[in-house]
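Engineer: Next up is a structure, given as structure tokens.
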Amino acid sequence: MGGFSPARLVRYAMAHPIGERQRLRTLARIARWQLSARLVGGPRVHDWVGGSRLVVERGMTGATGNVYFGLHEFADMGFVLHMLRAGDLFVDIGANIGSFTILAAKVAGAEVIAFEPDTNTVATLERNIAANDVAPRVAVNTSALGDREQELWFTSGMDTINHVADADTPGAVRVHGTTLDTVLAGRVPLLIKIDVEGHEPAVVAGAQKTLASPELKAVEVETVTQDIADMLAGHGFVQRHYDPFTRRLAQAPVHSANNSLYIRDEAFVAERLQGAAPVDVYGIAV
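The numbering used here numbers the first residue of the sequence shown as 40 and each following residue consecutively.
Structure (structure tokens):
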């Protein structure tokens with residue numbers, strides 16, 4: 040959203056599930072942030088949902104969306120909040136500054152393994168972990184996940200669009216590459232989120248043992264190729280869409296989502312979602 044024109048930002052805000060219910064308040068939040076970010080500058084600690092806090096500064100696309108709307112990626116974040124419980128394991132692949140990690144660890148009380156290879160972004164991720172006092176529940180892993188053990192090149196300083204790159208990409212740095220199955224070594228998460236800017240096929244290919252474990256109930260993945268869809272279907276996952284307001288799963292889209300949701304054991308997932316405690320998002324119970 041950092042590159043949005045003012046008119047486009049307003050249109051986006053009014054179409055957001057929180058924005059369309061709080062039009063004036065949302066516009067006021069946007070105006071306050073835009074003004075304060077220009078006048079003060081530097082990182083600021085923002086009181087977020089469910090007693091959490093988020094370290095935000097100008098130019099952080101996803102984080103500023105959370106300032107505006109509470110839950111920037113509404114359907115995806117709502118699912119994480121409602122699906123997880125204390126003691127569950129959540130794997131956040133492409134954690135960036137930690138928005139999903141903080142929702143899982145601080146608000147839901149889950150344990151988290153957060154994968155983020157960019158050292159600059161990791162510094163902000165760790166600031167958010169510290170600001171929320173969840174270090175005992177969050178393990179940060181700086182490896183880049185893929186389909187095998189190898190060295191990879193990774194962009195740096197590109198905010199939410201850092202990605203695996205070629206060796207000759209300007210500014211790319213060498214990072215350790217491994218597979219999710221290797222890192223987990225038999226541990227099984229309840230929920231995985233994969234947001235790696237097009238590298239998803241390799242990540243999924245390197246997670247076959249984990250995907251085969253029945254304890255894993257849901258996967259949120261940003262880029263879905265036919266190979267990914269086939270692999271997930273082969274492990275019994277079906278695509279669903281989630282409405283955090285009603286807590287219902289649907290076969291057709293309800294709200295726009297950045298990630299595609301795949302679940303299995305739908306009865307278990309539905310019961311989990313319905314039984315979650317509500318979370319206050321700018322005065323709206325979600």
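Backbone N, C-alpha and C define an ideal beta-carbon position, used for all residues, glycine too.
Going by Cα to Cα distance, which pick from V242, S44, W87 and L229 is closest to E150?
Structural biologist: Nearest C-alpha to E150: L229.
Engineer: Decide if the region 126-143 is in contact with the region 49-60; the criterion is three or more beta carbon pairs, one per stretch, under 8 Å apart.
Structural biologist: No: the two stretches stay apart, fewer than three of their Cβ pairs being nearer than 8 Å.
Engineer: Identify every residue that forms a DSSP beta bridge with L63.
Structural biologist: The partner list for L63 (beta bridge, DSSP) is empty, contrary to what the question assumes.
Engineer: Taking the C-alpha atoms as reference points, what is the distance between Q34 and R62?
Structural biologist: Residue 34 is absent from the model: the chain starts at 40 and stops at 325.
Engineer: Report the rounded CA-to-CA distance for A289 versus I267, giving the unit in angstroms.
Structural biologist: If you take the alpha carbons of A289 and I267, they lie about 20 Å apart.
Engineer: Should the region 299-315 be called in touch with the region 245-261, which here means at least 3 C-beta pairs below 8 Å?
Structural biologist: Output reads yes: the region 245-261 touches the region 299-315.
Engineer: Classify D172 as buried or exposed, calling it buried when 16 or more other Cβ atoms lie within 10 Å of its own Cβ.
Structural biologist: Looking at its Cβ environment, which holds fewer than 16 other Cβ atoms inside 10 Å, D172 is exposed.
Engineer: Got a sec? Which residues, its chain only, sit under 6 Å from A114 by beta carbon, not counting five neighbours each side?
Structural biologist: The residues are Y281, H294 and A296.
Engineer: Determine the direct distance from the alpha carbon of R64 to that of L74, and round the result to whole angstroms.
Structural biologist: Rounded to whole angstroms, L74 to R64 spans 15 Å at the Cα level.
Engineer: May I ask whether a heavy atom of the ligand GDP can be found less than 7 Å away from the beta carbon of A52?
Structural biologist: Ligands are entirely absent from the displayed structure, and the ligand GDP is therefore not among its contents.
Engineer: Let me know the beta strand (DSSP E) ranges lying completely inside the region 222-262, each 3 residues or longer, listed in chain order.
Structural biologist: Runs found: 230-233 and 257-260.
Engineer: Is the CB-CB distance between I132 and L93 below 8 Å?
Structural biologist: No, the Cβ-Cβ distance between I132 and L93 is not below 8 Å.
Engineer: Only counting the same chain, and skipping five residues up and downstream in sequence, which positions put a Cβ closer than 7 Å to that of H274?
Structural biologist: Closer than 7 Å at the Cβ level, and outside the excluded window around H274, lie L250 and A251.
Engineer: Using three-state DSSP, classify S138 as helix, strand or coil.
Structural biologist: Three-state result, S138: helix.
Engineer: With D266 as the anchor, note down where its alpha helix (DSSP H) starts and where it stops.
Structural biologist: Its alpha helix (DSSP H) spans residues Q265 to G273.
Engineer: Rounded to the nearest angstrom, what separates R77 and Y51 at their Cα positions?
Structural biologist: Looking at the two C-alpha atoms, the distance is approximately 21 Å.
Engineer: Mind listing, in chain order, the continuous beta strand (DSSP E) runs of no fewer than 3 residues lying wholly within the region 156-186?
Structural biologist: If we require 3 residues or more, the beta strand (DSSP E) runs fully inside the region 156-186 come out as 177-180.
Engineer: Hey, A125 and G89 are a contact pair by Cβ (cut 8 Å); roughly how many whole angstroms apart?
Structural biologist: With 8 Å as the limit, A125 and G89 do not qualify as a contact, their Cβ atoms being about 13 Å apart.
Engineer: Quick one: complete alpha helix (DSSP H) runs, 4+ long, within the region 94-130?
Structural biologist: 100-108 and 113-122, all fully within the region 94-130.
Engineer: I think Q189 touches G216, with their Cβ atoms under 8 Å apart; what is that distance to the nearest whole Å?
Structural biologist: Indeed, because the Cβ distance is near 5 Å, the residues count as touching under 8 Å.
Engineer: Compute the distance between the beta-carbons of H111 and A315, then report whether it is under 8 Å.
Structural biologist: Contact flag unset, no.
Engineer: Based on Cα-Cα distance, which residue from A174, F118 and V242 lies nearest to R311?
Structural biologist: Out of A174, F118 and V242, F118 has the C-alpha closest to the C-alpha of R311.
Engineer: With 16 other CB atoms within 10 Å as the buried threshold, where does M53 fall?
Structural biologist: Exposed is the call here.
Engineer: Among T262, T218 and R47, which residue has its Cα nearest to the Cα of H238?
Structural biologist: Per the Cα distances, T262.
Engineer: To the nearest whole angstrom, what separates the beta carbons of A134 and F154, a pair I think is in contact under 8 Å?
Structural biologist: With a Cβ gap of about 6 Å, A134 and F154 count as contacting.
Engineer: What residues match up with E190 in a beta bridge as DSSP calls it?
Structural biologist: Beta-bridge pairing links E190 to H215.
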